[in-house]
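Have a look at the structure below before the remarks.
Protein chains in written order, with our numbering: chain A, 116 to 303; chain B, 9 to 669.
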């Protein structure tokens, strides 16, 4: 019975974590801007001016550990190229290009973009290419309590409500209030 | 064990710190009696922060997710493979949602191994269990789970505090089906009032008045302790949508007879054990939509509230990590003491146990319908006690739960408010109960979270281009779409805000062959499967009779009528060949457990056919009370917690009388 992973003494020793270099402010901001395009949320919502939680930095570093610096660098370069085009592309067009929406067989890089959307929406890491037996995991408590899919329901993460008694008997605030970028190339 | 003629150590020894145990401890403590509670699991934590963190980090947010001896956390540093703990390694293993349908190395309850072709390499197509010549379907999995820690399973009760109906408890007299309860409706009225005060039930008698049509009555002038919980927009939408809807008592070709009367379908707010105003130093509900698995702010009553009051009497002691394994009975049919293992983990994490005994005057088994039965059967060297009726462990029931789900034509904004705030209670009674199971219908406020694991499933569908939700069909020729950016956000907003579900819970027939036994080899007398303390595990056999399944057929019909009347599109999916799947009259159904585990030590007036009397006192063993929902002779049409708490008040009074006589 000492082999139970749940007993303190029986737990296997985890491998030493790979600690990436702390990303620069510019890289984190670029990752946040790309995340905003991919998720359809407002950039200022993804990375507010005052951002003590810093999910952008957490998710960037987490993804680097999962897929390696080279793959992240390549993705960030691709985003940089798309976002500096003249005339500027809409954020919807950038999202569609990075996710290769029109392709029936999205590339590894596009699948990483899917995983980044899932990180923001669900607070969890679904290793690309989303194989069913992959080691899904919730990235952190804050990644769950800040996960954005609940905003799309105009609600709150289950178990983490900032609303007050009786709010459920009234219609919610607008989708924009929940941080969604509804006006930029949206629609179906 | 023997007390060697010494005075008993306690007036009362209670096994289990849950709903019944804590209430009885409090009442006896207030009466000046010295009480010991033996709780198998870990202590109630000082703060629920640790439990909340377990919940946040659980990928599968199942009812058990927040609680100790965790299951459901996958891919974490401590448990990288996401493997479920082997019940054979745990001191207090319990049934878990993630362990359902599994082999004994993940499922604490030992259940008839699925005869279903579930192995991925099997050439056989999946199929459901066969129907026996009696019309029954056997070999089903009992799908309810429970907790074994301080506070018990009702850490994650929903808070639904409906009263039983008068005809619920006199089914034999009224409908010649099942059995009557040995208590009357009038007798229960003041007990319900006590239970509602203890919990702090939020409801309005005026709002409940329409349920007079099913026989719901309150004493003149009765008022609930606090104002009702507001209904959700989901409730309001369903309520308006079903206006004028009537359904017949039975469908054509119902076996046994027909009830052609038309019954009104209407929505009423649900009495709730959650605060609409500050009560007992607890906050008002903030609508965290998380009553199950855990209320983050304890706005919902749970048994730890009553445990605190019990401890405040100064007469109650709790011994945690204390697993009772033998109720010692002398030649005069009196309990002399309880033997238990006090367990701990050493510095290497290895389980240690010390055998101890405690003596008392009165003994109470309050450790869950399945664990009560297991403890009775384990006692006296596994020959059993208090079982002259041979009913211990039999008549195992649940509220088998049939879930249906739909997309409303306009947003009704689920995922907000308490998990459920209203239901359709108007079909809980009628002449049809001669022929088929009655049911209540709970309207959910959590979108398709229960139904499909949403918002995760639908979100992943549109991120990756799959269609597990059934909603991703707008691509060319009905194929799945892949979306990103604002298009993805708006699509999910459109779908998630229109999701809702209805859960139907049935008054299942008590069957002798639905039972809990010890998982012991009949040849050798040795256990097949044990827990981490070496104690035998519960073996469960379960099935449905046609009366119960006819209830499912009706429920599926009523739900479809409700959705049709509302203009909603139904997405209910019933698979084949999995845990909880069965076929009735050629139609496939899926049921979940409701956690309402009932019947394993049924109460009744006759010692030959029941285990306990109307005070939940053993017919056979004079100073033994066996309490909780296991005493319910039938599961009825209301969620059981309110009534099991009410019965605990009655039991406490009878114990005080016995101790004082």
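Cβ atoms here follow ideal geometry from the backbone N, Cα and C, with glycine treated the same way. Please read all numbers here as calculations on a predicted model, not as lab measurements.
Using a C-beta cutoff of 8 Å, does residue 282(A) count as contacting chain B?
-> On the first chain, residue 282(A) is found 167 positions in, with the first residue counted as 1. Taking Cβ atoms only, chain B reaches closer than 8 Å to residue 282(A), which makes this a yes.
Less than 8 Å separating the beta-carbons of residue 246(B) and residue 451(B)?
-> Counted from its first residue, the second chain places residue 246(B) at position 238. Counted from its first residue, the second chain places residue 451(B) at position 443. Yes, these two residues count as a Cβ contact at 8 Å.
Can you grab the Cα-Cα spacing for the pair residue 607(B) / residue 237(A), in whole Å?
-> Reading the second chain from its first residue, position 599 is the one you call residue 607(B). Reading the first chain from its first residue, position 122 is the one you call residue 237(A). Residue 607(B) and residue 237(A) have their alpha carbons spaced roughly 41 Å apart.
Look at the alpha carbon of residue 195(A) and the alpha carbon of residue 203(A), and state the distance between them as a whole number of angstroms.
-> On the first chain, residue 195(A) is found 80 positions in, with the first residue counted as 1. On the first chain, residue 203(A) is found 88 positions in, with the first residue counted as 1. Approximately 12 Å between the Cα atoms of the pair.
Please work out which residues of its chain come closer than 6 Å, Cβ to Cβ, to residue 172(B), disregarding the five sequence neighbours upstream and downstream, and give them in chain order.
-> Locating residue 172(B) in the second chain gives position 164, counting from the first residue. Closer than 6 Å at Cβ, skipping near neighbours: 644, 646, 651.
In chain B, which residues lie less than 7 Å from residue 278(A) when you measure between Cβ atoms?
-> For the purposes of this step, residue 278(A) is taken as residue 163 along the first chain, with counting starting at 1. Residues of chain B whose Cβ lies closer than 7 Å to the Cβ of residue 278(A) are, in chain order, 294, 295.
Closer than 7 Å by C-beta to residue 523(B): which residues in its own chain qualify, once you throw out the five before and the five after it? Chain order, please.
-> On the second chain, position 515 is the one that residue 523(B) refers to. These residues qualify, in order along the chain: 401, 402, 404, 549.
What are the residues of the stretch 232-246 of chain B that lie near chain A, defined by any Cβ-Cβ distance shorter than 7 Å?
-> Close to chain A, meaning a Cβ-Cβ distance shorter than 7 Å, are the following residues of the stretch 232-246 of chain B: 238, 239, 240, 241.
Check whether residue 605(B) and residue 300(B) have beta carbons under 8 Å apart | Numbered from its first residue, the second chain carries residue 605(B) at position 597. Numbered from its first residue, the second chain carries residue 300(B) at position 292. No, these two residues do not count as a Cβ contact at 8 Å.
Residue 265(A) touches chain B at which residues, Cβ-Cβ below 8 Å?
-> For the purposes of this step, residue 265(A) is taken as the residue at position 150 of the first chain. Ordered by position in chain B, the residues that pass the 8 Å Cβ test against residue 265(A) are 423, 463.
Considering only residues of the same chain and omitting the five flanking positions on each side of residue 663(B), which have a CB-CB separation below 6 Å?
-> Reading the second chain from its first residue, position 655 is the one you call residue 663(B). Leaving aside the five residues that flank residue 663(B) on each side, the residues in its chain whose CB is nearer than 6 Å to its CB run, in chain order, 370.
Can you list, in chain order, the residues of its chain whose CB lies under 8 Å from that of residue 360(B), leaving out five sequence neighbours each side?
-> For the purposes of this step, residue 360(B) is taken as residue 352 along the second chain, with counting starting at 1. 351, 352, 353, 354.
Should residue 57(B) be labelled buried (16 or more other beta-carbon atoms within 10 Å of its own) or exposed?
-> To locate residue 57(B), count along the second chain from 1; it is residue 49. It counts as exposed.
Out of 170(A), 218(A), 210(A), point me to the one whose CA is closest to residue 261(A)'s CA.
-> The residue given as residue 261(A) occupies position 146 in the first chain. 170(A) is the residue among 170(A), 218(A), 210(A) whose C-alpha sits nearest the C-alpha of residue 261(A).
With a threshold of 16 other CB atoms inside 10 Å of the CB of residue 444(B), please say whether the residue is buried or exposed.
-> Looking up residue 444(B) in the second chain gives position 436. Residue 444(B) should be labelled buried.
Leaving out the 5 sequence neighbours to the left and right, which residues in its chain are closer than 7 Å to residue 189(A) when beta-carbon positions are compared?
-> Counting from 1 along the first chain, the entry for residue 189(A) is found at position 74. Only 224 meet the Cβ criterion.
When the Cα atoms are used, what is the spatial distance from residue 654(B) to residue 275(B)?
-> Working through the second chain from its first residue, we reach residue 654(B) at position 646. Working through the second chain from its first residue, we reach residue 275(B) at position 267. Cα to Cα, the separation comes out at about 26 Å.
Is it buried or exposed for residue 700(B), if we count other Cβ within 10 angstroms and need 16 for buried?
-> Within the shown structure, residues of chain B are numbered from 9 to 669, placing residue 700(B) beyond reach of any answer.
Which of the three DSSP states, helix, strand or coil, is assigned to residue 273(A)?
-> Residue mapping note: residue 273(A) aligns to position 158 of the first chain, counting from 1. In the structure shown, residue 273(A) adopts coil according to DSSP, grouped into three states.
Write down the C-beta distance between residue 569(B) and residue 219(B) rounded to the nearest angstrom, noting that I regard them as a contact closer than 8 Å.
-> Within the second chain, the letter at position 561 stands for residue 569(B). Within the second chain, the letter at position 211 stands for residue 219(B). Not confirmed; about 20 Å, so no contact.
Using a Cβ-Cβ cut-off of less than 8 Å, list which residues of the stretch 468-496 of chain B approach chain A; keep chain order.
-> Of all residues in the stretch 468-496 of chain B, the ones placed with a Cβ closer than 8 Å to any Cβ belonging to chain A are 468, 471, 472, 482, 490, 491, 492, 493, 494, 495, 496, in chain order.
Per-residue DSSP class, three states only, for residue 299(A) | What you label residue 299(A) is simply residue 184 of the first chain in a count that begins at 1. Caution is warranted here: a pLDDT of 45 is assigned to residue 299(A), below 50, making its placement in the model unreliable, and the coordinate value is therefore given only provisionally. Residue state for residue 299(A) is assigned as coil, using DSSP reduced to three classes.
Which residue spans inside the stretch 146-220 of chain A form an unbroken alpha helix (DSSP H) run of at least 4?
-> Entirely contained in the stretch 146-220 of chain A, the alpha helix (DSSP H) runs reaching 4 residues are, in chain order, 158-161, 170-182, 184-198, 206-213.
Inter-residue CB distance, residue 341(B) and residue 628(B) (contact presumed, cutoff 8 Å) | The count along the second chain starts at 1 and reaches residue 341(B) at position 333. The count along the second chain starts at 1 and reaches residue 628(B) at position 620. Correct: roughly 6 Å between the Cβ atoms.
Start-to-end residues for the beta strand (DSSP E) that takes in residue 21(B) = Here residue 21(B) refers to the residue found at position 13 of the second chain. Per DSSP, residue 21(B) belongs to the beta strand (DSSP E) from 18-23.
Residue 598(B), DSSP secondary structure in three states | The residue labelled residue 598(B) in the question sits at position 590 within the second chain. It is a strand residue.
Going along the chain, which residues of its own chain have a beta-carbon closer than 6 Å to the beta-carbon of residue 187(B), five neighbours each way excluded?
-> Here the question's residue 187(B) lines up with position 179 in the second chain. The residues are 180, 641.
Inter-stretch contact at 8 Å, needing at least 3 Cβ pairs: the stretch 330-341 of chain B / the stretch 562-578 of chain B | No: the two stretches stay apart, fewer than three of their Cβ pairs being nearer than 8 Å.
Within-8 Å CB hit, residue 229(A) to chain B | In the first chain, residue 229(A) corresponds to position 114, counting from 1. At a cut-off of 8 Å between beta carbons, residue 229(A) contacts chain B.
For chain B, is any of its Cβ atoms less than 8 Å away from the one on residue 202(A)?
-> Sequence index remark: in the first chain, residue 202(A) carries index 87 (1-based). For residue 202(A), the answer is no, since every Cβ of chain B falls outside 8 Å of its Cβ.
Assigned secondary structure, residue 95(B) (DSSP; H/G/I helix, E/B strand, else coil) = Here the question's residue 95(B) lines up with position 87 in the second chain. In the three-state scheme derived from DSSP, where H, G and I count as helix and E and B as strand, residue 95(B) is classed as helix.
Could you check which residue in 288(A), 280(A), 273(A), 291(A) has the C-alpha nearest to that of residue 458(B)?
-> Against the second chain, residue 458(B) aligns to sequence position 450. Comparing Cα positions, the closest option is 273(A).
Spatial neighbours of residue 138(A) within its chain, please: CB distance less than 6 Å, with the 5 preceding and 5 following residues excluded, ordered by chain position.
-> The residue labelled residue 138(A) in the question sits at position 23 within the first chain. So the qualifying residues of the chain are 175.
Please check the pair residue 237(B) and residue 293(B), which I expect to be a contact at CB under 8 Å, by giving their CB distance rounded to whole angstroms.
-> The sequence position of residue 237(B) within the second chain is 229, counting from 1. The sequence position of residue 293(B) within the second chain is 285, counting from 1. Correct: roughly 7 Å between the Cβ atoms.
Close Cβ partners of residue 20(B) (< 8 Å) along its chain, the five nearest in sequence each way excluded | Walking along the second chain from the start, residue 20(B) turns up at place 12. For residue 20(B), the CB contacts under 8 Å within the same chain, skipping 5 residues up- and downstream, are 32, 33, 36, 41, 42, 43, 44, 368, 369, 370, 371, 372, 663, 667 in chain order.
Closer than 7 Å by C-beta to residue 147(B): which residues in its own chain qualify, once you throw out the five before and the five after it? Chain order, please.
-> For this step, residue 147(B) is matched to residue 139 along the second chain. Excluding sequence neighbours, residue 147(B) sits near 120, 123, 137, 551.
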